[in-house]
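For the sequence shown, numbering that gives the first Met the number 0 puts the final residue at 213, and the numbers step up evenly by one. Beta carbons are placed, not taken as given, at the ideal position from N, Cα and C, and that holds for glycine. It should be emphasised that the depicted structure is a prediction, and the values quoted were computed from it without experimental measurement.
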Amino acid sequence: MSQFAYQPGTVYAALIGMMMLSAVGFPLPEEVTLISVGILAFMGAHPQHFPPPYEGAPVVSVHTASIIAFTAVVGADFIIYLIGRVFGRKMLYHPRVRKFFPEHMMKRVEEWTHKYGAYACGIFRFTPGLRFPGHLACGMLRYPAWKFLVIDGIAALISVPTQIYLLAHYGEPILKYLRQFKLVVFAIIGLLIVYFVAKKLREKWLQRAAANNG
Numbered sequence: 000m001s002q003f004a005y006q007p008g009t010v011y012a013a014l015i016g017m018m019m020l021s022a023v024g025f026p027l028p029e030e031v032t033l034i035s036v037g038i039l040a041f042m043g044a045h046p047q048h049f050p051p052p053y054e055g056a057p058v059v060s061v062h063t064a065s066i067i068a069f070t071a072v073v074g075a076d077f078i079i080y081l082i083g084r085v086f087g088r089k090m091l092y093h094p095r096v097r098k099f100f101p102e103h104m105m106k107r108v109e110e111w112t113h114k115y116g117a118y119a120c121g122i123f124r125f126t127p128g129l130r131f132p133g134h135l136a137c138g139m140l141r142y143p144a145w146k147f148l149v150i151d152g153i154a155a156l157i158s159v160p161t162q163i164y165l166l167a168h169y170g171e172p173i174l175k176y177l178r179q180f181k182l183v184v185f186a187i188i189g190l191l192i193v194y195f196v197a198k199k200l201r202e203k204w205l206q207r208a209a210a211n212n213g
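Structure (structure tokens):
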């Protein structure tokens with residue numbers, strides 16, 4: 000993993016791509032990507048522990064990574080907002096899109112937008128499973144673009160760069176524990192993957208059952 004600490008271009012490109020995928024509901028939480036980038040920034044800042052491939056090799060910068068992550072997150076959220084604003088209910092309630100979002104999820108989105116108005120934009124940023132349908136709904140309800148950007152931007156500023164900075168500055172004890180409990184960590188990751196896959200399969204099965212009953 001440490002070799003990627005000296006491949007900033009690759010890491011930044013992957014960071015942008017993963018943030019975009021997370022915005023559209025990719026099952027891997029964006030927090031996993033941010034934590035990984037923070038650890039790489041820590042490795043790049045400590046060449047005595049993680050030697051570079053050659054002297055003067057470029058490193059993953061915590062400041063650059065934080066700026067790129069923040070910009071990519073807000074940009075991706077705004078794209079989803081614009082899609083909702085332009086295509087409205089045709090997009091959100093299209094059968095191919097709707098099948099990824101069960102009824103209880105859409106009900107929660109509707110409840111939050113009704114209860115909190117434009118401030119729901121920021122709440123959705125802290126709710127991984129509701130980000131995509133929530134931001135689509137914000138566009139569909141035609142909340143002012145500037146208000147969406149301000150609220151979502153503040154929420155992203157709180158959650159996105161802080162994760163990278165924390166990992167970059169306190170990476171040593173975290174890596175220490177990861178080495179000590181790597182089997183447990185891999186087991187947890189494996190269980191999470193199984194959980195997400197099983198959840199998706201169950202949702203598809205319930206949708207098919209409901210369609211057959213209907």
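Quick check: the region 42 to 53 against the region 126 to 139, are at least 3 beta-carbon pairs closer than 8 Å?
Result no; under three Cβ-Cβ pairs closer than 8 Å.
Considering A117, what are the terminal residues of the alpha helix (DSSP H) in which it resides?
DSSP places A117 outside any alpha helix (DSSP H), giving it a letter other than H or E.
Cβ-Cβ separation, I150 to Q121 (assumed contact under 8 Å), whole Å
Reading off the sequence, residue 121 comes out as Gly, not Gln. About 4 Å separates the two Cβ atoms, so the contact holds.
In whole angstroms, give me the CA-to-CA distance for F3 and I67.
17 Å
Only counting the same chain, and skipping five residues up and downstream in sequence, which positions put a Cβ closer than 7 Å to that of L33?
A68, V159, Q162, I163
Should I15 and A64 be called a contact, given that it needs their Cβ atoms to be closer than 8 Å?
no
Start and end of the alpha helix (DSSP H) containing F77?
61 to 86
What is the DSSP secondary structure of F147, counted as helix, strand or coil?
Note: F147 maps to helix in three-state DSSP.
Please name the residue, chosen from I78, S60, P26, L27, that lies closest to G37 on a Cα-to-Cα basis.
Out of I78, S60, P26, L27, the CA that lies nearest to the CA of G37 is found in S60.
With 16 as the cutoff for other CB atoms within 10 Å, does Y142 come out buried or exposed?
buried
Please report the straight-line C-alpha distance between E171 and A56, rounded to a whole angstrom.
21 Å
Under a Cβ-count criterion, where at least 16 other Cβ atoms within 10 Å of its own Cβ denotes burial, should G83 be classed as buried or exposed?
buried
Check whether the Cβ atoms of V73 and L140 lie closer than 8 Å to each other.
no
Is V58 helix, strand or coil by DSSP?
coil
DSSP state of K98 mapped onto helix, strand, coil
coil
If we call anything under 8 Å between Cβ atoms a contact, is G138 one with L190?
no
Identify, in the order they occur along the chain, each residue of the same chain with its Cβ nearer than 6 Å to the Cβ of E202, setting aside the five sequence neighbours on each side.
P101
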